[in-house]
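Heads up, the thing below is written out as structure tokens.
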Amino acid sequence: MNPERRKILRINIDFYIIFIITFILSVIGLIMVSSASTVVAERLFNDPYWFLRRQIIWWVISFILLIISSKINYKIYKKLSIFIILISIALLGLVLIPGIGEEIGGSKRWLNLWFFNIQPSEFVKIALVIFFAEILNRKYVNTMKIKDLIFPGFLVLLLTTVLIFMEPDLGTVIVIWLIVFAVLLVAGVKFAHVLGLGIVMAIITGIYLLMEEYRRVRLFAFLNKTAEYADANFQVDQSLIALGSGNLIGLGLGNSLQKYSYLPEAHTDFIFAILGEELGLIGTMLVIVLFLLFAFFGIRVCLRTKDYFGRILAAGLTMIIVVPALINISVVIGLIPVTGLTLPFISSGGSSLMLSMVSVGILLNIARQIIVVSKDRRINEERK
1059 MNPERRKILR INIDFYIIFI ITFILSVIGL IMVSSASTVV AERLFNDPYW FLRRQIIWWV
1119 ISFILLIISS KINYKIYKKL SIFIILISIA LLGLVLIPGI GEEIGGSKRW LNLWFFNIQP
1179 SEFVKIALVI FFAEILNRKY VNTMKIKDLI FPGFLVLLLT TVLIFMEPDL GTVIVIWLIV
1239 FAVLLVAGVK FAHVLGLGIV MAIITGIYLL MEEYRRVRLF AFLNKTAEYA DANFQVDQSL
1299 IALGSGNLIG LGLGNSLQKY SYLPEAHTDF IFAILGEELG LIGTMLVIVL FLLFAFFGIR
1359 VCLRTKDYFG RILAAGLTMI IVVPALINIS VVIGLIPVTG LTLPFISSGG SSLMLSMVSV
1419 GILLNIARQI IVVSKDRRIN EERK
């Protein structure tokens, strides 16, 4: 077989495997939301399928957006990067305005649009990835000077960090910074510059972490798992009980005991624990393998993209899915403190699902552009 033809087939495989992985994970999400949310939905709305119906609606909307975004040429985002980031910052500001932003569980993370709520901090992830990809492509790659990274890249990142801190939402800030660091490394930014920004981020995060008593308690509870911090460790303890109860094959779909008000946030932040309880080690390993495969094929698309902007964008979009998944699973199994992050594609929540689907759609378009370039190259060679 012609070497160029083999390359085209490989690229096609990347495109379709990412799509298939996304579809499987999102279907698993619907199944798990239908199981994990029945108890809390019955208690809150007297309807065991309230969360499931809402998630199905969001799934349909999100999947349509995935298809649309996969067909839009990703290079158009170069011209729209400033507009996209300004809109995202404006939405973050609106969340903090009483009457517009909706407070749930002590945090103002949601924008009340009357018929439904959205979480702007989710969409700012894509906005920042696009913005940094364009800034690096237009300025830094030509000069390799730190000032071209700080102005306006780091200042915009700092502004979004402050706005999200005010909600407050430490977990999302950590995810955003990790995604940006991944983008900077893929973009070839000097290690000294990345290290400098990392030190600044660590100092800001450390100060913020120690400012409020509940955050200090959560940190100390993680470091010192004793009876003194039993209440703070309750959620993780119940999560580990759920995972341990599942053993190899689980208790069976719908048979979780921890979802009966023992494990808080069973259908959102800790849905992976319910998955482990009902589907066992086999179910949890399936989900982990799917996320690892997503990371692998996302990185392959990144490495095979010749366009500098597209390569950075592909890396950032891949990390938008992989970083929260890694953090969420680590929290559920007790490796890191509780952050309040959902599991992409799996947890209940419209904003998270929509963000994930749109990110995948743009990533698929980048893969599609590689196919087009390869085909055009083959046609030109045949003409010669």
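Numbering-wise, the sequence shown is residues 1059 to 1442 according to the working numbering. Ideal Cβ placement from N, Cα and C applies to all residues, glycine included.
Check                                                                                                                                   : Outcome
Presumed contact (8 Å Cβ cut-off) between residue 1376 and residue 1356, rounded CB distance                                            : 3 Å
Segment limits, beta strand (DSSP E) that includes residue 1159                                                                         : 1159 to 1162
8 Å Cβ cutoff met for residue 1422 and residue 1073                                                                                     : yes
Residue 1170 - containing beta strand (DSSP E), residue span                                                                            : 1165 to 1170
Beta strand (DSSP E) runs contained entirely in the region 1183 to 1251, provided each spans 3 or more residues                         : none
Residues that DSSP places opposite residue 1176 in a beta bridge                                                                        : 1169
Where residue 1382 falls: helix, strand or coil (DSSP)                                                                                  : helix
Validate contact between the region 1256 to 1264 and the region 1273 to 1280 using beta carbons, cut 8 Å, 3 pairs                       : no
Residue 1305 versus 1367, 1340 and 1330, residue with shortest Cα-Cα distance                                                           : 1340
Extent of the continuous alpha helix (DSSP H) run through residue 1293                                                                  : 1292 to 1304
Bounding residues of the alpha helix (DSSP H) (the contiguous stretch that carries residue 1392)                                        : No alpha helix (DSSP H) contains residue 1392, which DSSP labels as neither H nor E.
Rounded C-alpha distance that separates residue 1391 from residue 1210                                                                  : 38 Å
Neighbourhood of residue 1067 by C-beta distance below 7 Å, restricted to the same chain and skipping five residues each side           : Legend: pLDDT at residue 1067 = 49, less than 50; position of this residue unreliable, value from coordinates given subsequently. Nothing listed; no residue qualifies.
Where residue 1420 falls, given that 16 or more other Cβ within 10 Å makes a residue buried                                             : buried
Closest Cα partner of residue 1194 within the set 1366, 1224, 1400 and 1235                                                             : 1366
For residue 1151, the first and last residue of its enclosing alpha helix (DSSP H)                                                      : 1134 to 1153
Straight-line gap, residue 1309 to residue 1329 (C-alpha atoms, nearest Å)                                                              : 15 Å
Beta bridge counterpart(s) of residue 1156 as assigned by DSSP                                                                          : 1159
Beta-carbon gap between residue 1252 and residue 1374 smaller than 8 Å                                                                  : no
Exposure of residue 1314, with buried meaning 16 or more beta-carbon neighbours within 10 Å                                             : buried
Test item: CB-CB of residue 1180 and residue 1170 under 8 Å                                                                             : no
Buried or exposed (CB count within 10 angstroms, at least 16 for buried), residue 1104                                                  : exposed
Straight-line Cα distance separating residue 1101 from residue 1107                                                                     : 11 Å
Three-state class that DSSP yields for residue 1316 in the structure shown                                                              : coil
Whether residue 1378 touches residue 1182 by CB criterion (8 Å)                                                                         : no
Chain-order list of residues whose beta-carbon lies under 8 Å from that of residue 1082 (same chain, five-residue window excluded)      : 1348
Given 8 Å, three or more beta-carbon pairs between the region 1146 to 1157 and the region 1212 to 1219                                  : yes
Contacts around residue 1434, its chain only, beta-carbon distance under 7 Å, and the 5 residues preceding and following it disregarded : Annotation note: pLDDT 47 at residue 1434 (below 50); position unreliable, coordinate value reported separately. Cβ within range, chain order: n/a, list empty.
Of the listed residues 1292, 1303, 1114 and 1344, nearest to residue 1320 (C-alpha basis)                                               : 1292
Three-state secondary structure (DSSP) of residue 1080                                                                                  : helix
Own chain partners of residue 1135 with C-beta closer than 6 Å, once the 5 adjacent residues on each side are dropped                   : 1188
Assigned exposure category for residue 1201 - 16 Cβ within 10 Å defines buried                                                          : exposed
Residue 1310 in three-state terms, based on DSSP                                                                                        : coil
For residue 1130, the three-state DSSP class (helix, strand or coil)                                                                    : coil
Assigned secondary structure, residue 1401 (DSSP; H/G/I helix, E/B strand, else coil)                                                   : coil
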